[in-house]
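Colleague: The structure is given below, and queries will be raised subsequently.
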Amino acid sequence: ETGVTQSPTHLIKTRGQQVTLRCSSQSGHNTVSWYQQALGQGPQFIFQYYREEENGRGNFPPRFSGLQFPNYSSELNVNALELDDSALYLCASSLMGVGGTDTQYFGPGTRLTVL
Amino acid sequence: QKEVEQDPGPLSVPEGAIVSLNCTYSNSAFQYFMWYRQYSRKGPELLMYTYSSGNKEDGRFTAQVDKSSKYISLFIRDSQPSDSATYLCATLYNFNKFYFGSGTKLNVKP
Chain A
70 ETGVTQSPTH
80 LIKTRGQQVT
90 LRCSSQSGHN
100 TVSWYQQALG
110 QGPQFIFQYY
120 REEENGRGNF
130 PPRFSGLQFP
140 NYSSELNVNA
150 LELDDSALYL
160 CASSLMGVGG
170 TDTQYFGPGT
180 RLTVL
Chain B
-1 QKEVEQDPGP
9 LSVPEGAIVS
19 LNCTYSNSAF
29 QYFMWYRQYS
39 RKGPELLMYT
49 YSSGNKEDGR
59 FTAQVDKSSK
69 YISLFIRDSQ
79 PSDSATYLCA
89 TLYNFNKFYF
99 GSGTKLNVKP
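Protein chains in written order, with my numbering: chain A, 70 to 184; chain B, -1 to 108.
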């Protein structure tokens, strides 16, 4: 196990609703990245947070937003849910900076279904 | 064009076979390359991490990067049924953007 936890495990929402997914990083890690993985596809990079600031973003609309807290846990918020948002959402923590390796450790994911 | 393209598979081999998994990438600026293994209903786990060109070996696994052709490979020797999983190649760009291939599903038959 990586020490990265995510909640909830599964979630069902309807189109237009808002959702918040949570991630607890591995102890000592200061960076968290979020990914969307559609069925049969590889993870697609949503964004990365480093020391509570957004540090990079993939090709996702602004209705995907995030937060990183002082304890380095993180949230992914998605507004105005669309059917295509149905996917496995993964978070990955890593240690950036002096002594860091950029190696990411993934959590088990939250499976979101939008009806 | 996607940043990383991966052979779609699925790939089915007998136990003990040598497995070759391959990806190509589009941007010559990519320098860090990774292979992840993902079991069903689990998050990806890092197998190998390489920087620039060359080979890296870890037990039964060898990662190879050929920057001249923008080609990355993972070889698995003496494959085992427990190796059955989806294998994802990935690259890190600018230290803050990861690009993954679509994954190759491998089945090793006993």
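All C-beta atoms in this analysis are idealised placements derived from N, C-alpha and C, irrespective of residue type, glycine included.
1) Go ahead and label Arg84 of chain A buried or exposed: buried means 16 or more other beta carbons lie within 10 angstroms of its beta carbon, across all protein chains shown.
2) Can you tell me whether Asn124 of chain A is buried or exposed? The criterion is at least 16 other CB atoms within 10 Å of its CB, across all chains shown.
3) Confirm, please, whether the CB-CB distance from Asn148 of chain A to Gln105 of chain A is below 8 Å.
4) So, for Thr22 of chain B: in the same chain, excluding its five sequence neighbours on each side, which residues have a beta-carbon less than 7 Å away from its beta-carbon?
5) Using three-state DSSP, classify Ser50 of chain B as helix, strand or coil.
6) Is the shortest distance between the beta-carbon of Asn53 of chain B and the beta-carbons of chain A less than 8 Å?
7) Going along chain A, which residues have a C-beta under 7 Å from Leu86 of chain B?
8) In this structure, how does DSSP classify Pro79 of chain B when only helix, strand and coil are distinguished?
9) Can you look up Asp56 of chain B in the DSSP assignment and give me helix, strand or coil?
10) Let me make sure I understand the geometry here. Which of A:Tyr141, A:Ile115, A:Glu151, A:Leu152 has the alpha-carbon closest to that of Ser134 of chain A?
11) Report the rounded CA-to-CA distance for Gly57 of chain B versus Glu151 of chain A, giving the unit in angstroms.
12) By DSSP's criteria, Glu144 of chain A is part of a beta bridge. Which residues make up the other side?
13) Taking DSSP as the reference, what is the three-state secondary structure of Leu104 of chain B?
14) As a quick exercise: from B:Ser26, B:Tyr37, B:Gln(-1), pick the residue whose alpha carbon is nearest that of Asn105 of chain B.
Modeller: In brief:
1) Locating residue 84 of chain A in the first sequence gives position 15, counting from the first residue. Arg84 of chain A comes out exposed.
2) Within the first sequence, the letter at position 55 stands for residue 124 of chain A. The residue is buried, with at least 16 neighbouring Cβ atoms inside 10 Å.
3) Within the first sequence, the letter at position 36 stands for residue 105 of chain A. Within the first sequence, the letter at position 79 stands for residue 148 of chain A. Cβ distance not < 8 Å, so Gln105 of chain A and Asn148 of chain A don't count as in contact.
4) In the second sequence, counting from the first residue as 1, residue 22 of chain B sits at position 24. Correct list, in chain order: Glu3, Lys68, Tyr69.
5) Taking the first residue of the second sequence as 1, we reach residue 50 of chain B at position 52. Coil.
6) Taking the first residue of the second sequence as 1, we reach residue 53 of chain B at position 55. So no, Asn53 of chain B is outside the interface.
7) In the second sequence, residue 86 of chain B corresponds to position 88, counting from 1. Residues of chain A passing the Cβ test: Gly111.
8) For the purposes of this step, residue 79 of chain B is taken as residue 81 along the second sequence, with counting starting at 1. Here Pro79 of chain B sits in helix by DSSP.
9) The sequence position of residue 56 of chain B within the second sequence is 58, counting from 1. Asp56 of chain B: strand per DSSP, three-state reduction.
10) The sequence position of residue 134 of chain A within the first sequence is 65, counting from 1. Closest option to Ser134 of chain A, Cα to Cα, is A:Ile115.
11) Here residue 57 of chain B is taken as the residue at index 59 of the second sequence, counted from 1. Here residue 151 of chain A is taken as the residue at index 82 of the first sequence, counted from 1. Taking the straight line joining both Cα atoms gives about 44 Å.
12) Looking up residue 144 of chain A in the first sequence gives position 75. Answer is A:Arg91, A:Leu136.
13) Position 106 of the second sequence, counting from 1, holds the residue named residue 104 of chain B. Strand at Leu104 of chain B.
14) The sequence position of residue 105 of chain B within the second sequence is 107, counting from 1. Minimum Cα distance to Asn105 of chain B is reached at B:Tyr37.
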